[in-house]
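Chemist: Please see the structure below; I have some questions.
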Amino acid sequence: MRIGELAARTGVRVRTIRFYEQAGLLSAPARTPGGQREYDDEAVMRLRFARSAQALGLSLAQIAEVLRVRDREGPPCEHVTELLEKHIEGLEIKIRELTALRDDLRARVPPAVLPDPGRCPSDRICYLIEDEGRANPVDDSEGDE
Numbered sequence: 246m247r248i249g250e251l252a253a254r255t256g257v258r259v260r261t262i263r264f265y266e267q268a269g270l271l272s273a274p275a276r277t278p279g280g281q282r283e284y285d286d287e288a289v290m291r292l293r294f295a296r297s298a299q300a301l302g303l304s305l306a307q308i309a310e311v312l313r314v315r316d317r318e319g320p321p322c323e324h325v326t327e328l329l330e331k332h333i334e335g336l337e338i339k340i341r342e343l344t345a346l347r348d349d350l351r352a353r354v355p356p357a358v359l360p361d362p363g364r365c366p367s368d369r370i371c372y373l374i375e376d377e378g379r380a381n382p383v384d385d386s387e388g389d390e
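Using the working numbering, the first residue of the sequence shown is number 246, and each one after it goes up by one.
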């Protein structure tokens, strides 16, 4: 099948299919005498897998590694299990961080309490962000550089 049909069958844009080829997620396809790419059903399977893996939050590098394991060793289930367990651990950490951030934001803007511009002296911008009494100061080591 040509690249347009592959795109239609998988829901993956033509441009993305070409990128996946360059990234190693798809093998270089056979070419017609006219130089057009010709894909087989394996390309459909790999693209559907890549989309499913991305939906679970895996990176392209992780997906490529799973495909390499599959190609060299067969079903990559043990590798995928380890990968997903690490991903779950990372998500749990992120959830804790986001929950703490949400709680801090809620404490700064309590429901039904109007902001008090009188709490913003001339040497500060906004007490809601710069409140020195907060337990969670901003970490200067992160952010835009």
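For each residue, glycine too, the CB sits at the ideal point set by N, CA and C. Owing to the predicted nature of the structure, the values given are computational and were not obtained by experimental measurement.
Taking the alpha-carbon positions, what's the Pro356 to Ile374 distance?
Modeler: Sequence index remark: in the sequence shown, residue 356 carries index 111 (1-based). Sequence index remark: in the sequence shown, residue 374 carries index 129 (1-based). Those two C-alpha atoms are separated by around 16 Å.
Chemist: Is Thr255 near Arg293, with beta carbons less than 7 Å apart?
Modeler: Sequence index remark: in the sequence shown, residue 255 carries index 10 (1-based). Sequence index remark: in the sequence shown, residue 293 carries index 48 (1-based). A contact, by the Cβ cut-off of 7 Å.
Chemist: Distance check for Arg315 and Ala253, CA to CA, integer angstroms please.
Modeler: Within the sequence shown, residue 253 is the residue found at index 8, counting from 1. Within the sequence shown, residue 315 is the residue found at index 70, counting from 1. Whole-angstrom Cα-Cα distance: 25 Å.
Chemist: Is the Cβ-Cβ distance between Ala309 and Leu251 less than 7 Å?
Modeler: Translated into positions along the sequence shown, residue 309 becomes position 64. Translated into positions along the sequence shown, residue 251 becomes position 6. Against a cut-off of 7 Å, the Cβ pair of Leu251 and Ala309 comes out as no contact.
Chemist: Only counting the same chain, and skipping five residues up and downstream in sequence, which positions put a Cβ closer than 7 Å to that of Ala273?
Modeler: Along the sequence shown, one-based indexing puts residue 273 at 28. Correct list, in chain order: Glu266.
Chemist: Who are the Cβ neighbours of Pro360 in its own chain at under 7 Å, not counting the five residues just before and after it?
Modeler: Stepping through the sequence shown from its first residue, residue 360 is reached at position 115. For Pro360, where only same-chain residues beyond five positions count, the Cβ hits under 7 Å are Leu373.
Chemist: For Gly279 and Arg247, what's the separation of their Cα atoms in angstroms?
Modeler: Taking the sequence shown and counting its residues from 1, one reaches residue 279 at position 34. Taking the sequence shown and counting its residues from 1, one reaches residue 247 at position 2. Each residue's Cα considered, the two are about 12 Å apart.
Chemist: Note the first and the last residue of the continuous alpha helix (DSSP H) segment covering Cys322.
Modeler: Locating residue 322 in the sequence shown gives position 77, where the first residue counts as 1. Start and end: 322-353.
Chemist: Arg291: which of Lys339, Arg276, Ala268 sits nearest, CA to CA?
Modeler: Counting from 1 along the sequence shown, the entry for residue 291 is found at position 46. Measuring from the Cα of Arg291, the nearest candidate turns out to be Ala268.
Chemist: Alpha carbon to alpha carbon, how far is His332 from Cys322? Give it in angstroms, no decimals.
Modeler: Taking the sequence shown and counting its residues from 1, one reaches residue 322 at position 77. Taking the sequence shown and counting its residues from 1, one reaches residue 332 at position 87. Using only the alpha carbons, I get a separation of about 15 Å.
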